[in-house]
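Residue numbers (UniProt numbering): 1 to 83.
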């Protein structure tokens, strides 16, 4: 749960929702620079909250488990409205 307490990490998880997105897509959508985005994604991956796959030079991320998505959706609904 500690990963969810960081605003940028929570934004990344909300942006992913049930989708898979590239780092570039997440950066454009959230306006987060490359270095902090990479740091947040590394932390989320090391905590088992997201999975990644590489296609050529592009890395795609998605929420790793349905339980994580359920928590993220509940937090988003409580604080931001429906996804």
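Just so it is clear, CB atoms sit at the ideal spot from N, CA and C, and this is done for glycine as well.
Since the model is a prediction, treat every value here as computed from it, not as a measurement.
According to the Cβ coordinates, are residue i and residue j closer than 8 Å?
| i | j | result |
| --- | --- | --- |
| residue 51 | residue 62 | yes |
| residue 37 | residue 49 | no |
| residue 4 | residue 11 | no |
Is residue i helix, strand or coil by DSSP?
| i | result |
| --- | --- |
| residue 70 | helix |
When DSSP builds the beta bridges, which residues end up paired with residue i?
| i | result |
| --- | --- |
| residue 50 | 63 |
State the start and end residues of the unbroken alpha helix (DSSP H) segment that holds residue i.
| i | result |
| --- | --- |
| residue 13 | 7-16 |
| residue 29 | 23-30 |
Taking the alpha-carbon of residue i as reference, which of the options has the nearest alpha-carbon?
| i | options | result |
| --- | --- | --- |
| residue 19 | 67, 60, 75, 76 | 60 |
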